[in-house]
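See structure below.
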Amino acid sequence: MESNDAVRALAGLAQPMRLQVFRCLVVAGQEGLTPGALVEAIGVPATSLSFHLKELTHAGLVTQERQGRHLIYRAAFDQMNALVGYLTENCCQGEACAVSNGSLVCSP
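Residue 69 in numbering that gives the first Met the number 0 sits at position 70 of the sequence shown, with consecutive numbering throughout.
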């Protein structure tokens, strides 16, 4: 991942509602969610949700697919993993980070 891509992705997540939408899509997995399901899940007005989904899509963190009359939104796991990799590639002074309880643990 290039630094400009990382900045765009981080900017996309740098808003509480977008972060909540993205996390909801991560939980949904590859099945994804329709806008209606997202509105029900997080209680955001549909017009606001549309704006936030557009921003997340522009940031490369969410994909959109039409299935018949419905739009399905999914977290772009490849981009999410690339962002996490970009953010952690130089941690632990170039050594592999330890994993504890499913989380990376970087020693100072």
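Glycine included, C-beta positions come from ideal geometry on N, C-alpha and C.
Original post:
Taking the alpha-carbon positions, what's the valine 61 to asparagine 3 distance?
Top reply: Here residue 61 refers to the residue found at position 62 when the sequence shown is read from its first residue. Here residue 3 refers to the residue found at position 4 when the sequence shown is read from its first residue. Their backbone Cα atoms lie some 17 Å apart in a straight line.
Original post:
Among His57, Gly67, Gln63, which residue has its Cα nearest to the Cα of valine 6?
Top reply: Counting from one through the sequence shown, the residue named residue 6 turns up at place 7. Checking every option, the nearest Cα to that of valine 6 belongs to His57.
Original post:
Leaving out five residues before and five after glutamine 66 in sequence, what residues of the same chain have Cβ atoms less than 7 Å from its Cβ?
Top reply: By 1-based counting over the sequence shown, the position of residue 66 is 67. Closer than 7 Å at the Cβ level, and outside the excluded window around glutamine 66, lies no residue.
Original post:
Who are the Cβ neighbours of glycine 84 in its own chain at under 8 Å, not counting the five residues just before and after it?
Top reply: As a first step, residue 84 must be located in the sequence shown, where it is residue number 85. Counting only Cβ-Cβ distances below 8 Å, and skipping sequence neighbours, we find Met0.
Original post:
Closest by CA to arginine 73, which one among Leu86, Cys91, Ala36, Ser47?
Top reply: By 1-based counting over the sequence shown, the position of residue 73 is 74. Checking every option, the nearest Cα to that of arginine 73 belongs to Ala36.
Original post:
Per DSSP, what kind of secondary structure is glutamate 64 in: helix, strand or coil?
Top reply: By one-based count along the sequence shown, residue 64 stands at place 65. The answer is strand: DSSP assigns glutamate 64 an E or B state.
Subject >> Residue span of the beta strand (DSSP E) that contains leucine 12, given as start and end >> reply: Counting from one through the sequence shown, the residue named residue 12 turns up at place 13. Note, leucine 12: premise wrong, no beta strand (DSSP E); alpha helix (DSSP H) at 2-12.
**OP:** Would you check if the distance between the CB atom of leucine 12 and the CB atom of phenylalanine 21 is smaller than 8 Å?
**Re:** Reading the sequence shown from its first residue, position 13 is the one you call residue 12. Reading the sequence shown from its first residue, position 22 is the one you call residue 21. Judged by beta-carbon spacing, phenylalanine 21 lies within the 8 Å limit of leucine 12, meaning their Cβ atoms are closer than that value.
Original post:
Under 7 Å from any heavy atom of the ligand COA, does the C-beta of leucine 60 make it?
Top reply: Absence of the ligand COA from the depicted structure is noted, as is the absence of any ligand whatsoever, leaving it without description.
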